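Asker: Take 1239 as the starting number for the sequence shown in the numbering used here and just add one per residue.
A virtual CB, placed ideally from N, CA and C, is assigned to each residue, including glycine.
Since the model is a prediction, treat every value here as computed from it, not as a measurement.
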Amino acid sequence: MVKMATYTGKLEKYYIKKNSGKRAQTYRVFVFVDVSPASYLSWWLNSSLLLLMVIIGFIASLFIYLTGKRVDSAFTSLKDSITRLGKRQKLGKKEELPYEEFNDVMMTVAKMSDMIDANQRSQQLFFQNASHELRTPLMSIQGYAEGLKEGVLKNSKEAAGIIYDESQKMTELVDDILTLSKLETIQTKINLERVVLDNLLYDVSWRLKHKADERGLVFEHDFHDDNCELVLDETLMERAFLNIISNAVRYAKHTITLSTELLEDKVVVHIANDGPEISKETQEHIFERFYKGEKGQFGIGLSMTKDIIERHGGQISLRSQADKTTFSVALPLVAD
1239 MVKMATYTGK
1249 LEKYYIKKNS
1259 GKRAQTYRVF
1269 VFVDVSPASY
1279 LSWWLNSSLL
1289 LLMVIIGFIA
1299 SLFIYLTGKR
1309 VDSAFTSLKD
1319 SITRLGKRQK
1329 LGKKEELPYE
1339 EFNDVMMTVA
1349 KMSDMIDANQ
1359 RSQQLFFQNA
1369 SHELRTPLMS
1379 IQGYAEGLKE
1389 GVLKNSKEAA
1399 GIIYDESQKM
1409 TELVDDILTL
1419 SKLETIQTKI
1429 NLERVVLDNL
1439 LYDVSWRLKH
1449 KADERGLVFE
1459 HDFHDDNCEL
1469 VLDETLMERA
1479 FLNIISNAVR
1489 YAKHTITLST
1499 ELLEDKVVVH
1509 IANDGPEISK
1519 ETQEHIFERF
1529 YKGEKGQFGI
1539 GLSMTKDIIE
1549 RHGGQISLRS
1559 QADKTTFSVA
1569 LPLVAD
């Protein structure tokens, strides 16, 4: 490499003293430097970096391709499995997908599928049982009605009473099914209004007093505040308490106690009876829809009750021990 510089001045031995006098002369200085090693090093570094970038680019492209293919394969497997589950087809042996997140999705979908299958089986069994329960009172009504028609029954008043009782059972079952269908409709809007809680509980107790009297049961009321107002759908909440208290009437031995407890932001209704203890297993499932109880009976009453209470922002719980079973319903108070 050659570099040249021009200077004006006077040469003194090994250097040029710059000046602009009359004796000043113009000098050109040439500098020669061998830059071949530096140029080679620069070329080598540039070539190495370029080659390294090509190699890294190739490896990255290969990695992206293989990863994309693996992800696509996993997505395809996940999609196929979900499609099979959607068609209610059983999956074969457990398939492990290459990504934990996909496995989590697969497990969640499989659990949902199992829950749907279990729910469908329960519904099928329930409606079979419901058909049987409807058929039984229908046959009884038909039998007594034919007896009255043919004049073979001596005590027509007793027959009429039996027909009435059996028709009431049918009405209650049909009401449960219709209410459940209404609750399962997402668009269903509950009609909220101010309701005095104690009056509602007294009304439900009065409706069941006849059945309680037949079994020699006594209602006891211990309400904290006679003017406790809540914002409720009165019809639905009446149905919910009717289901709970009906169970109490069915299983109580002597006494059914209704009491209220006022807390900071909610009121808790306790419905207790002195009936037999409910087993731990039944307590765990008693609010599940179509659950088959200890006596082999299917029901939707308590499940429907739970749905109604939760629609109102409340909770329901059960505590059962020897000679005392208590359902507790917590409902939010009206904000002032």
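Using C-beta distances below 7 Å, list every residue in its chain close to S1378, excluding the 5 sequence neighbours before and after it, in chain order.
Answerer: Cβ within range, chain order: I1400, E1404.
Asker: For G1385, which residues from the same chain have a beta carbon less than 7 Å from its beta carbon, with the 5 sequence-adjacent residues on both sides left out?
Answerer: Within the same chain, G1385 has close Cβ partners L1391, A1397.
Asker: Within a Cβ cutoff of 6 Å, which residues of the same chain sit near T1244, ignoring the five residues on either side of it in sequence?
Answerer: The answer, listed in chain order, is R1266.
Asker: Within a Cβ cutoff of 6 Å, which residues of the same chain sit near S1566, ignoring the five residues on either side of it in sequence?
Answerer: The answer, listed in chain order, is V1506, H1508, S1555.
Asker: With 16 other CB atoms within 10 Å as the buried threshold, where does K1578 fall?
Answerer: In this structure the chain extends from 1239 to 1574, so residue 1578 is not present and cannot be described.
Asker: Determine contact between the stretch 1433-1447 and the stretch 1482-1500, defined as no fewer than three beta-carbon pairs at a distance below 8 Å.
Answerer: Yes, since at least three Cβ pairs between the stretch 1433-1447 and the stretch 1482-1500 fall closer than 8 Å, the two stretches touch.
Asker: Let me check understanding here. Comparing Cα to Cα, which of E1458, L1418, R1322 lies closest to G1539?
Answerer: Comparing Cα positions, the closest option is L1418.
Asker: Span of the beta strand (DSSP E) holding H1459?
Answerer: Taken as a continuous stretch (DSSP letters only), the beta strand (DSSP E) holding H1459 covers 1456-1460.
Asker: Taking V1433 as part of the beta strand (DSSP E), name the residues at either end of that continuous run.
Answerer: Element bounds for V1433: 1431-1434.
Asker: Short of 8 Å in beta carbon distance, which residues of its chain neighbour G1534, apart from the five on each side in sequence? Order them along the chain.
Answerer: Unreliable placement is indicated for G1534, whose pLDDT of 49 sits below 50; no coordinate value is reported for it.
Asker: Does the stretch 1446-1453 come close enough to the stretch 1410-1417 that 3 or more CB-CB pairs lie under 8 Å?
Answerer: Touching, no, given that fewer than three Cβ pairs across the two stretches are closer than 8 Å.
Asker: If I'm right that T1563 touches E1515 with Cβ under 8 Å, what's the distance once you round it to whole angstroms?
Answerer: Rounded, the Cβ-Cβ distance is 7 Å, consistent with contact.
Asker: Could you tell me the distance, in whole angstroms, from the CA atom of G1295 to the CA atom of Y1303?
Answerer: C-alpha separation (whole angstroms): 12 Å.
Asker: Is the CB-CB distance between L1421 and M1344 below 8 Å?
Answerer: No.
Asker: Between A1276, P1275, K1248, which lies nearest to T1264 when the distance is taken from Cα to Cα?
Answerer: Residue K1248 is the option with its Cα nearest to T1264.
Asker: Please classify A1486: is it buried, with 16 or more other beta-carbons within 10 angstroms of its beta-carbon, or exposed?
Answerer: That one is buried.
Asker: Would you tell me roughly how many angstroms separate the C-alpha atoms of T1246 and N1257, rounded to the nearest one?
Answerer: Each residue's alpha carbon lies about 6 Å from the other.
Asker: State the Cα-Cα distance for the pair I1415 and L1439, rounded to the nearest angstrom.
Answerer: So the two alpha carbons sit approximately 23 Å from each other.
Asker: Checking 8 Å against the spacing of the C-beta atoms, do H1523 and L1470 come in under that value?
Answerer: Not closer than 8 Å, so no.
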